[in-house]
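Contents: one structure, followed by commentary.
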Amino acid sequence: MSTKLRELIINEDINEESEDNMIVIKGAKHHNLKNVSLKLPKNKLIVFTGVSGSGKSTLVFDIIHAEAQRRFIKGLSTFAKKSVGKIEKPKVEYISGLTPSLAIEQKSVSSNPRSTVGTLTEISDYLRLLYSRIGIRTCENCKTEIKTLLYKNKKSECPNCHTFIKPLMSSHFSSNTPQGMCPHCKGLGVTQEVDLKLLIGDESLSILDGAINWFGNLRENNKTTWPTGPLDIVFDHYNLDIETPWRDLPKSFQDVILYGSGEEKLEYPSIMGGKTTLKPVKGIVTELTRLYYETDSEVTRKKYAQFMSFNTCSVCKGTKLSKEANSVRIGKRTISEVSNMSVREALSFIKDIYEHVPNSIFKMSEEIILEIYKRLSFLNDVGLHYLSLNRSAPTLSGGEGQRVRLAAQLSSEITGITYVLDEPSTGLHPRDLENLVSTLLKLRDKGNTVIVVEHDEEIMKHADYIVDIGPYAGVLGGKIIAQGSLDAVKNNSNSLTGKYLSKTLKVNDAMYNNLENNRFLTIKGTDLNNLRSVTANFRLNTLNVVTGVSGSGKSSLVSRTLKPLLENLLNKADNKVEHYSEILGYEDLDKVINVSQEPIGRTPRSNPATYIGVFDKIRKVFANTKYAKEHHMGFDYFSFNSVKGRCPYCEGQGQIKIEMHFLPDVWIECDECGGRRFKEEVLKNKINGKNIADVLDMDANEASEFFKDYKDIHLVLEVLKEVGLGYIKLGQSATTLSGGEAQRVKLAKELSRKAKGKTVYIFDEPTNGLHFHDVSQLLAIFDKLLRAGHTLIVIEHNLDVIKSAGWIVDMGPEGGKDGGKVIVEGTLEDVINSKESFTGRAIKQSESMKNLIRC
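The sequence shown runs contiguously to residue 868 in the numbering used here.
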């Protein structure tokens, strides 16, 4: 029987049993999925769960979402399909019941600094329209208040003194249009200017000895003195000694060196000899600024940028808008002031406008105001009440960006969509989960199917249907272990998730915390962002957990103040840290390691094996084989970064980038090497039947067993398994790793090194993307680090991690302007007993408060 005929028969069989209100999947074999078949109810909230690497994301994103996209694109015109390019069919025999799908992932919502929370949700568009309709301007000549519509529809002049008034449309209130942007900073709100603190070094030195960093030490380097010209001529012209220290030079002469001599000309000898030429001195600041903005070379721009810093625009004062736009007010507020408000403040403002808008203009503004209010309410409901509308999109965390997009979808009236979300609870305090659940249910109740990859117990409790994939990760996963209601999963004896939900298994929160020591790391007077002169203590050789609702100031305190400061003091870094008054207790520490969720690489060339350093060891093994020696293949032949061994067509990437012009670039598999990355002759070299590409295609579990006789390789791979990444392939592209996976790869790298001295480890929400079982593994690693004498400082919302802490710093009470304080710091009991702590309340309400173990 032919394959096509077999598929038709299979499809007919499935069609007979499928229902209109179901998504039916048959024979999914993508990645580690093992011939998975299941039915999912439409228009329900469905949660996919399971340990990391079990196949959840593969089934949801690479099968359901990808196939829905492929079918949608298939229905487009031939021209449109050419623009989009070919999308490969997932490895699945049959799917029915799919509707158009929209993925709301935890990826950067935009890398454009001009994109903001307001623009992403269209709130800014409606605000601009509102200000152009009912905004009040003040005549600069006679100070008469003028209604915007009055002169837009009639004469463009003040009704009192008849001074010309420039008509303003909605585009005049946008910093992204020529009409609305500040002409000085081009709508950025900041200008990059030469910073004299960076340009001038040691003022006790002369210019020759290195007082000016741009020149450096001219006695040693003897380089040209561009742009001022020969310094001896400049000094002689002003009758000054070239050996004079910079601080002792007259201010007028310093200005000549920095800003030029203006119209005053100096006599310079011609480079051709003979006649002299008269020309002014070109100042360093003036020329560096000019060339920074004129150059097209990124390398040259970086060269100048090291002497520059960002400053608030002196013309628009950081508002980004023109003078005319900033002269229009509604309720005594400019559009810039409203954009600077938090979501919660803007809600109150818009509500007040709605209640007090004059009847004469109510009809023309009611619909606009309601659209703004609706969108602000959705942002508030998903726990983003602390964000300002002008918050730049690139500065949003993955979780924040995802919830902004979720709020934007709620404001649309689209139905019949399949929404797929990746860990929407990421970054949310337990207090805010209720609103998130309510939002997901609203999306469902509009007639949509909502599929969520999630580990949070609270979201599972509200799910209509749960699919548990496992039992474990990688080759040990890829099966449907349990599906159905919450009770069905709880009662399934094969389900690891069910055992944790039913409390048959519990996250092991036993932790070594050295509570007998009274040594603390203390930072005082921190006032970055919303921090209010905060003093915080962190106990050494203890698991310190920093908690608090979203936007309360956790990251400002730890990631943006304490971390860079410790890097300066312990790692000899050169970070710019200003927002603190004093730090104490760091003398007991030797170094700081920040285990962040930043990617370990940004191209397909980067992978876990190269990052943790095991790939070099593997290459040496291949270079020592008899075959390699006979064919003169050295160490560098087994690197896809070397021209000697890599595929010349894809240059060792295994993929080729196709530019899509108006669409994002796509990567396709290299036809020449079939994604193997290496030349054919290199792949002929094998160890126990495996070549270098085969090894890179192994997961850590398989590779650890394969290299068990090579201890230096085996030990590193065992650490990868220890951090719960046994399922990760050694050559897996770094761009495919989640933030949580990237963080654990970094942790594995640090754990595989020989520990020296006392280290403080800093983590930012390390449980992101982790199943209950994975959290247990993570806590076991924390325990190991503490027993080795190290200190851990962890930003976290996970209650199991919080309960394991020996010391807690709880921030709040709210987010944004209503946060920035330490509500309580101390032991778990101290936090539970604090009446102001939302974290304490969440712990009290949790089901697993009994039998807390302390060492």
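We treat Cβ as the ideally placed atom computed from N, Cα and C, and that holds for glycine.
Keep in mind it's a predicted model, so treat the numbers as computed, not measured.
Under the three-state DSSP convention, the category residue i falls into
| i | result |
| --- | --- |
| Lys670 | strand |
| Glu358 | helix |
| Asn864 | The predicted position of Asn864 is uncertain, since its pLDDT is 46 and thus under 50; no value can be drawn from it. |
| Gln119 | coil |
| Gln205 | strand |
| Arg416 | helix |
| Trp259 | helix |
| Val105 | strand |
| Lys315 | helix |
| Gly839 | strand |
| Gly687 | coil |
| Met377 | helix |
| Lys278 | strand |
| Ala549 | strand |
| Pro191 | coil |
| Ile741 | coil |
| Ser137 | helix |
| Ile382 | helix |
| Asn166 | With a pLDDT of 47 at Asn166, under the threshold of 50, the modelled position of this residue cannot be trusted; read the value that follows with caution. The answer is coil: DSSP assigns Asn166 none of H, G, I, E or B. |
| Tyr399 | coil |
First and last residue of the uninterrupted alpha helix (DSSP H) at residue i
| i | result |
| --- | --- |
| Ile815 | 812-817 |
| Asn448 | 446-458 |
| Ile808 | Where Ile808 is concerned, there is no enclosing alpha helix (DSSP H), although the beta strand (DSSP E) it sits in stretches over 804-808. |
| Ala79 | 79-87 |
| Leu570 | 567-570 |
| Tyr305 | 297-307 |
Under 8 Å between C-beta atoms of residue i and residue j
| i | j | result |
| --- | --- | --- |
| Val341 | Ile149 | yes |
| Val417 | Leu423 | no |
| Lys762 | Ile625 | yes |
| Asn393 | Asn353 | no |
| Gly202 | Thr347 | no |
| Asn173 | Thr157 | yes |
| Phe653 | Arg618 | yes |
| Val562 | Phe851 | yes |
| Val814 | Val608 | no |
| Val207 | Phe320 | yes |
Distance cut-off 7 Å: residue i Cβ against heavy atoms of the ligand ZN
| i | result |
| --- | --- |
| Asn339 | Only the bare structure without any ligand can be found here, which leaves the ligand ZN out of the picture. |
Residue i, enclosing beta strand (DSSP E) - first and last residue
| i | result |
| --- | --- |
| Asn584 | No beta strand (DSSP E) holds Asn584; the alpha helix (DSSP H) holding it covers 576-584. |
| Arg150 | 149-151 |
| Gln877 | Since the first residue of the chain shown is 14 and the last is 868, residue 877 is not available in this structure. |
| Glu158 | 158-160 |
| Arg800 | Looking at the DSSP string, Arg800 is not in any beta strand (DSSP E); the run it does join, the alpha helix (DSSP H), is 785-800. |
| Tyr432 | 431-435 |
| Tyr41 | Before going on, a small fix: residue 41 reads as Ala here, not Tyr. Its beta strand (DSSP E) spans residues 35-41. |
| Glu595 | 595-597 |
| Asp725 | Segment 724-735 is the alpha helix (DSSP H) holding Asp725; no beta strand (DSSP E) there. |
Proximal residues to residue i (C-beta, below 7 Å), its chain only, five neighbours per side dropped
| i | result |
| --- | --- |
| Leu389 | Ile136, Val356, Ala359, Leu360, Ile363 |
| Ser378 | Leu143, Arg146, Ile147, Val370 |
| Ala486 | Val64, Ser65, Gly66, Ser67, Gly739, Tyr740 |
| Thr869 | Nothing can be reported for residue 869, as the shown portion of the chain is limited to 14 through 868. |
| Glu300 | Pro240 |
| Lys857 | Ile845 |
| Glu718 | none |
| Cys171 | Cys152, Asn154, Cys155, Thr157, Ile159, Ile178 |
| Ala706 | Arg689, Arg690, Phe691, Leu696 |
| Lys165 | Note that Lys165 has pLDDT 49, beneath the 50 cutoff, so the model's placement of it is unreliable and the number below is only indicative. So the qualifying residues of the chain are Pro180. |
Residues near residue i in its chain [Cβ-Cβ closer than 6 Å; skip 5 each side]
| i | result |
| --- | --- |
| Lys69 | Phe61, Gly63, Val466, Ile482 |
| Ile381 | Tyr139, Leu142, Leu143 |
| Lys52 | Met35, Val37 |
| Ser655 | Asp649 |
| Asp725 | Lys630 |
Own chain partners of residue i with C-beta closer than 8 Å, once the 5 adjacent residues on each side are dropped
| i | result |
| --- | --- |
| Ile225 | Leu212, Ile213, Gly214, Trp259, Ile270, Ile297 |
| Asn56 | Asn34, Arg457, Gly460, Asn461, Thr462 |
| Leu799 | Met524, Tyr525, Asn526, Asn527, Asn554, Thr555, Leu556, Leu805 |
| Gly853 | Asp823, Val837, Val844, Ile845, Asn846, Ser847 |
Any chain B beta carbon closer than 8 Å to residue i
| i | result |
| --- | --- |
| Ser506 | Structure shown: chain B not included; a single protein chain is present. |
Given 8 Å, three or more beta-carbon pairs between the segment 681-694 and the segment 654-662: yes
Segment contact flag, the segment 772-788 with the segment 435-444, C-beta cutoff 8 Å, min 3 pairs: yes
Segment contact, 8 Å Cβ cut-off, at least three pairs: the segment 585-599 with the segment 524-535: yes
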